[in-house]
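Going by numbering that gives the first Met the number 0, the letters in the sequence shown line up with residues 0 to 314, in that order.
Have a look at the structure below before the remarks.
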Amino acid sequence: MNSETEPFVLDGLPDRVEFTKKMLPHWHRQQNGFTAFFHEKKKADDNSYGVITNSFRELEYDYFDYSKNVMEKKVWIVGPVSNQHSTNNDSGSGEHILKWLDLKEPRSVLYVSFGTEAFLARDQFHEIARGLKASGHPFIWVARTETYTSEGDEDWFPEGFEDEMLDSNQGLVIKGWAPQVMILGHPNVGAFMTHCGWNSCLESLTSGVPVITWPITADQFFNESLLVDVVKVGFRVGNKEEMSIGDVEAKATVTRDQIEEVTRRVLEDGEEVKKIQTRVKKYAEESKKAVQQGGSSYEDIDALIHELKARNNGI
């Protein structure tokens, strides 16, 4: 395979998963410091007794057996860990967000966040802003410009964008940290545009919120495939390549039209979206059962404790 954009199938997986070379992390395509780090990590994995996974069996049942067979190790699935945390600690810092959300219609708001470490170029910020505005739907956008530069952030948004969104009450732009679990748990949030970091994937599923997937790097394209192709709880925004890390002047890879189209698609209740809502609600219910007494993750934690005790006692 010579083309970086030609799809290929990942062999041996329980589901058909297609990738391109451009979706693979840069350390797989070119030797660098990360490559050495992951080689060392692989050695540590090979020497480990077993694997503890933050997931729940009902989400990826076939992959539980696949992992055990491929790695030839014990696997314990003990999540979703985020379900074990109360959102009460977020309530004080997020009070103004809750008040804003309370004024919206049920399942009408798009929540946009790319995590705490993802890098987006300045041009991409402008495309996001224009796409969200054109969609006409209310949104909360966690826009962490301070991640990239210590300079002012005025040119990170189209001129007048923030004031216009504030005056029209269409959008709430948050610069810095946001209480994500609390936001996703609000009934007026209808979808989550996410970079597909694993914690965010789990938090969308446990909250029963459909996703718009926008992977950037690392394992995020794999996570996107799980969400869109396997469990079918959302739509792709259309990013087809690993995005430039740390280059604030890079060209945008997703257009405002793509952002507008997918936002309308997931928030305007067609038959396809109703099926997605049904599926993601089912996973939310199953994730809660998994960590309750007698649930799959509860039982795996119990089994892990007994296994470690037995090893410690030389049994």
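Heads up, the beta-carbon is just placed ideally off N, CA and C, and yes, glycines get one too.
Rounded to the nearest angstrom, the Cβ distance from residue 205 to residue 193 is 13 angstroms, too far for a contact under 8 angstroms.
Restricting attention to alpha helix (DSSP H) runs no shorter than 4 residues, the stretch 206 to 267 encloses them at 219 to 224 and 255 to 266, ordered along the chain. If the five residues before and after residue 50 are omitted, its C-beta is found closer than 8 angstroms to the C-beta atoms of 44, 66, 70, 72, 73, 74 and 75, all from its own chain and listed in chain order. In the three-state reduction of the DSSP assignment, residue 277 falls in the helix class. The stretch 153 to 160 makes contact with the stretch 120 to 129: 3 or more CB pairs, one atom from each, lie closer than 8 angstroms.
Assignment of residue 294 by DSSP, reduced to helix, strand and coil, places it in the coil class. The Cβ atoms of residue 216 and residue 240 do not sit closer than 7 angstroms to each other. Residue environment analysis places residue 235 among the buried positions, since at least 16 neighbouring C-beta atoms fall within 10 angstroms of its C-beta. Inter-segment contact for the stretch 276 to 292 and the stretch 54 to 66 is present: three or more beta-carbon pairs are separated by less than 8 angstroms. Beyond the five residues adjoining it in sequence on each side, residue 96 comes within less than 8 angstroms, by CB distance, of 139, 171, 173, 177, 178, 181 and 182 in the same chain, given in chain order. Within the stretch 87 to 129, the runs of beta strand (DSSP E) at least 3 residues long that lie entirely inside it are, in chain order, 108 to 112. DSSP, read as helix, strand or coil, puts residue 19 in coil. Shown here, residue 75 sits in a strand according to DSSP, grouped into three states. Taking a contact to require three or more Cβ pairs closer than 8 angstroms, the stretch 183 to 190 and the stretch 259 to 270 qualify as touching. Under the DSSP definition of a beta bridge, residue 51 partners with 75.
Distance check between residue 258 and each of 79, 24, 133 and 137 places 133 closest, using alpha-carbon atoms only. In the structure shown, the three-state DSSP call for residue 155 is helix. Counted as a single uninterrupted DSSP element, the beta strand (DSSP E) harbouring residue 172 occupies residues 170 to 173. Within its own chain, the residues whose Cβ lies closer than 7 angstroms to the Cβ of residue 161, once the five positions on either side in sequence are excluded, are 172, listed in chain order. Around the beta carbon of residue 175, fewer than 16 other beta carbons sit within 10 angstroms, so the residue counts as exposed. Under the DSSP assignment, residue 141 falls outside any alpha helix (DSSP H), being part of the beta strand (DSSP E) whose first and last residues are 138 to 141.
Distance from residue 77 to residue 115 at the Cβ level is roughly 23 angstroms; contact not present, criterion being Cβ atoms closer than 8 angstroms. Nearest in C-alpha terms to residue 137, of all of 104, 224 and 121, is 104.
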